[in-house]
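Numbering (this note's numbering), first residue to last: 48 to 207. By construction, the Cβ of each residue, glycine as well, lies at the ideal position given by its N, Cα and C atoms.
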């Protein structure tokens, strides 16, 4: 067996993530917005939040939108919204941030991991198709390290 890539072995991906993981990116306008929120001492349900929700809904052509404090909370809400629960499966790529799948466990669903395509670092559609079962309720697609998942193939598989 050869050495792992991070130990000097052969890399399977030709892409270098560079500074893609430098986060958060903060500029002066963002800093000022944060200071304004702190000075107002209103952390939720105030004008700026309501304004954001209305604008977000308008932008997406829907009637309502609900802001969340984190992406993790948004994923939990989405899973709840599709009815993910006990006895259901969520399929998730094998390489992702933990928040992509952890909320499924809080809804008593099972997480099934599918390996990635080494060229895109995203879920491999051909492997995804083999893992779908009658219990599969949702697929968590993650666009990873600046690489987009093959959404055309994934959507075709999920529509079956």
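For residue 82, the uninterrupted alpha helix (DSSP H) run begins and ends at 75-87, by DSSP.
Look at residue 160 here: in three-state DSSP terms it is strand.
Taking C-beta atoms under 8 angstroms as the contact rule, residue 148 and residue 137 qualify, at a distance of about 6 angstroms. DSSP places residue 205 in the uninterrupted alpha helix (DSSP H) bounded by 198-206. Shown here, residue 53 sits in a helix according to DSSP, grouped into three states. As the crow flies, the alpha-carbon of residue 153 is around 21 angstroms from that of residue 113. As the crow flies, the alpha-carbon of residue 128 is around 16 angstroms from that of residue 109. By the neighbour-count definition (other C-beta atoms within 10 Å, threshold 16), residue 172 is a buried residue. Per DSSP, the beta bridge partners of residue 139 are 160.
Secondary structure at residue 95: helix, using DSSP grouped into helix, strand and coil. For residue 184, the uninterrupted beta strand (DSSP E) segment begins and ends at 183-186.
Residue 90 carries a coil assignment under DSSP once its states are collapsed to helix, strand and coil. Distance from the CA atom of residue 177 to the CA atom of residue 124, rounded to whole angstroms, is 27 angstroms.
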